[in-house]
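In my numbering, the protein residues as written are 349 to 472.
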């Protein structure tokens, strides 16, 4: 879930090309509701959203027994060691700065989804 429309379009396009269905939410509360409805395998979570922030959403999702297999990638434009430590402590499985090449995000997502064989086609 990300509040940047360009990022959302990018992710939708890249995952669609890989045959992966994508849903999006515009705020933390909506993200929590959609996750419960869709039961995804992976959530890409912006840490600083309106309303319920990504830290709260991550803790909420990780506490739910029926979501125990859910993988979370935390993404932020406010990259700092303390932010990374805080979100990984809240239960995120991976952390990506928005300033990184988006191939890093795609590689982490595919790895967490167990589809790492697709990474080569993404980066070549």
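All C-beta atoms, glycine included, are put in the ideal place defined by N, C-alpha and C.
{"Asked": "Own chain, CB closer than 8 angstroms to residue 383, minus 5 neighbours either side, in chain order", "Found": "391, 409, 415 and 418"}
{"Asked": "Short Cβ contact (8 angstroms threshold) for residue 474 with residue 376", "Found": "Since the first residue shown for the chain is 349 and the last is 472, residue 474 is missing from the structure and cannot be characterised."}
{"Asked": "Continuous alpha helix (DSSP H) stretch holding residue 457: start and end", "Found": "450-461"}
{"Asked": "Assigned exposure category for residue 424 - 16 Cβ within 10 Å defines buried", "Found": "buried"}
{"Asked": "Bounding residues of the beta strand (DSSP E) (the contiguous stretch that carries residue 393)", "Found": "390-394"}
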